[in-house]
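If you use this note's numbering, the sequence shown corresponds to residues 292 to 421, in order.
In this text, a Cβ means the ideal position worked out from N, Cα and C, and glycines have one as well.
Since this is a predicted model, take the numbers as computed values, not measurements.
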Amino acid sequence: MRNRKGGFGDCPGGDKQACPVEFTLDVIGGKWKGILLYHLMEGTKRFNEFRRISPGITQRMLTLQLRELEEDGVVHREVYHQVPPKVEYSLTEFGKTLIPIIKLMKEWGEEYRTKQLSAESCLEATDKKL
């Protein structure tokens, strides 16, 4: 597990434990981790597959995000000693416990996107009337 430097807020109700939501977001938050986890739900992926799936991520950022997920025990990195080198990434059993959360995030995103598109259509229709 990665060493957490603190900075987590207290739980509501005066509990002095770190807020579990904040702790969870530290593990899966950020621009890329959720996307990487979403694609790992489908099965094992190689580094370059992630590059194709998410062309906006730099090689350095992809390496960093995968390393953090590995250090947190969410992703397993399998190195095959062959030429050319082969490395595969998969969800650990612990990482698989995030699948329901990622699926809910996907559903929420679909609903939000639908609302956004509907709002944009209304704005366009209003603009045309003006």
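Compute the distance between the beta-carbons of residue i and residue j, then report whether it is under 7 Å.
| i | j | result |
| --- | --- | --- |
| ILE344 | HIS330 | yes |
| PHE341 | LEU360 | no |
| THR383 | GLY364 | yes |
The alpha helix (DSSP H) spanning residue i covers which residue range?
| i | result |
| --- | --- |
| GLU361 | 350–362 |
Could you check if residue i is buried or exposed, using at least 16 other CB atoms within 10 Å of its CB as the buried criterion?
| i | result |
| --- | --- |
| LYS324 | buried |
| GLY386 | buried |
| LEU408 | exposed |
| VAL318 | buried |
| VAL378 | exposed |
| TYR380 | buried |
Pull up the distance between the alpha-carbon of residue i and that of residue j, whole angstroms please.
| i | j | result |
| --- | --- | --- |
| TYR371 | THR335 | 14 Å |
| PHE314 | GLU362 | 15 Å |
Contact defined as beta carbons within less than 8 Å: I believe residue i pairs with residue j. What is the distance between those atoms, to the nearest angstrom?
| i | j | result |
| --- | --- | --- |
| MET332 | ILE390 | 6 Å |
Hey, quick one: how far does the beta strand (DSSP E) through residue i stretch, first residue to last?
| i | result |
| --- | --- |
| LEU328 | Segment 324–331 is the alpha helix (DSSP H) holding LEU328; no beta strand (DSSP E) there. |
| LEU382 | 377–382 |
| VAL312 | Unbroken run through VAL312 is the alpha helix (DSSP H), 311–319; no beta strand (DSSP E). |
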